[in-house]
Amino acid sequence: MGHIRLGILPQTRKWREVIDLLGIPSSPAQIADATSAAAEKGIEFAKYDTGVSNVVYLFIRAIWDAKQANFTDDVTIADRAGAEGSTLTDFVANFNNALEEKLAKLGKISDLAEMARYSGVETLTELCKQETKSLFGVSSNDAKQSLGKWATPQKFGYVGQTFFAKFLYRFLDYHLSREIPSHIGPDKSFSNISKCAEFKKALELHCYQTARIAKECSGCWPNAAQFREGITIENVKTQFLPCALARISDELRLRRNAK
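Position 144 of the sequence shown, counting from 1, maps to 140 under my numbering, and the rest follow consecutively.
Okay, structure coming up:
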């Protein structure tokens, strides 16, 4: 799998342009560079964060094993939602509980691991909703069946892009949220909350387009790993996660330096 540099996507907002929406007179480029650089450092830390790798492992296994309607021992707690009368929200809640219990066993939970957990739960919910068309009136077993449909190389590329986009967004927003509140109000960059929401949308778009660089390896890796030695926490930690995050880090750097 070669590292293919993506061209500019339709309606792309360069990172500097996203920050320009803050309307900060001093130096929006400086804020853009600082935040983007912080993201790169955070991504570097994420490569070696045991909590992040465990979340990504359980996330991949939950989807891949749902294809056989057979969850692994690691996510058995998520399978408790399969009881008669349980719903999609039960399923998602139990998956979240599985992640929380796994992280608790590891000891101290990093902010990066928490960002990964939220991103995984949110992505899982969206995937189920796309297939079932609703969050309500859907059984847990229906949720599993719908989730299993994403366990193909082509579809899992989209899954990986979505997860990493959400993870990147949470990380960037973590830094930007310190600056944004001081720019909301009369005679400020954002006159009201809705204007601030427009900026958040632009940031989400930036993250989604940046994460597209990880789509190829996300799509191909689980299937290949399952065929060779199975999907394990070790190969997720040493193979998949470093590959995907390295691509995103490179893409961030290229976008940051783009004129």
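Yeah, the Cβ is synthetic: ideal placement off N, Cα and C, and Gly gets one too.
Original post:
Can you tell which of 241, 254, 249 has its C-alpha closest to the C-alpha of residue 42?
Top reply: 241
Original post:
At which residues does the alpha helix (DSSP H) containing residue 218 begin and terminate?
Top reply: 211 to 224
Original post:
By how many angstroms is the C-alpha of residue 52 removed from the C-alpha of residue 195?
Top reply: 28 Å
Original post:
With a Cβ-Cβ cutoff of 8 Å, do residue 214 and residue 150 count as a contact?
Top reply: no
Subject >> First through last residue of the alpha helix (DSSP H) which encompasses residue 254 >> reply: Taken as a continuous stretch (DSSP letters only), residue 254 belongs to no alpha helix (DSSP H), as it is neither H nor E.
Subject >> Residues of its chain near residue 38, where Cβ-Cβ distance is below 6 Å and the 5 sequence neighbours each way are ignored >> reply: 167
Original post:
Measuring CB to CB, does residue 91 end up less than 8 Å from residue 123?
Top reply: no
**OP:** Can you say whether residue 212 is buried or exposed, counting buried as having 16 or more other CB atoms within 10 angstroms of its CB?
**Re:** buried
Original post:
Excluding sequence positions up to five away, which residues of its chain have a Cβ less than 7 Å from the Cβ of residue 210?
Top reply: 156, 157, 160, 240, 243, 244
**OP:** Mind listing, in chain order, the continuous beta strand (DSSP E) runs of no fewer than 3 residues lying wholly within the segment 146 to 177?
**Re:** none
Original post:
With DSSP run on the structure shown, which of helix, strand or coil describes residue 83?
Top reply: strand
**OP:** Kindly indicate which three-state DSSP category residue 15 falls into: helix, strand or coil?
**Re:** helix
Subject >> Pair within 8 Å by beta-carbon distance, residue 252 and residue 45 >> reply: no
Original post:
Using a Cβ-Cβ cut-off of 8 Å (strictly less than) and excluding sequence neighbours within five positions of residue 117, which residues of its own chain qualify?
Top reply: 88, 91, 92, 95
Subject >> Contact under 8 Å by Cβ, residue 15 with residue 232 >> reply: no
**OP:** Check residue 59 in the structure and name its three-state DSSP category.
**Re:** helix
Original post:
Got a sec? Which residues, its chain only, sit under 6 Å from residue 204 by beta carbon, not counting five neighbours each side?
Top reply: 161
Subject >> Helix, strand or coil at residue 78 according to DSSP, with G and I counted as helix >> reply: Unreliable positioning characterises residue 78 in this predicted model, as indicated by a pLDDT of 47, which lies under 50. A coordinate reading is not provided.
Subject >> Length-filtered (4 minimum) alpha helix (DSSP H) runs lying within the segment 182 to 207 >> reply: 189 to 207
Subject >> Inter-residue spacing [alpha-carbon to alpha-carbon] between residue 13 and residue 223 >> reply: 43 Å
**OP:** Would you kindly check if the distance between the Cβ of residue 60 and the Cβ of residue 229 is under 8 Å?
**Re:** no
**OP:** Give me whichever residues DSSP pairs with residue 180 in a beta bridge.
**Re:** 186
**OP:** Measure the CB-CB distance between residue 164 and residue 35 and report whether it falls below 8 Å.
**Re:** yes
Subject >> residue 172 beta carbon less than 8 Å from that of residue 31 >> reply: yes
Original post:
When the distance is taken between beta carbons, is residue 113 closer than 8 Å to residue 99?
Top reply: yes
Original post:
Below 8 Å between beta carbons: does that hold for residue 147 and residue 62?
Top reply: yes
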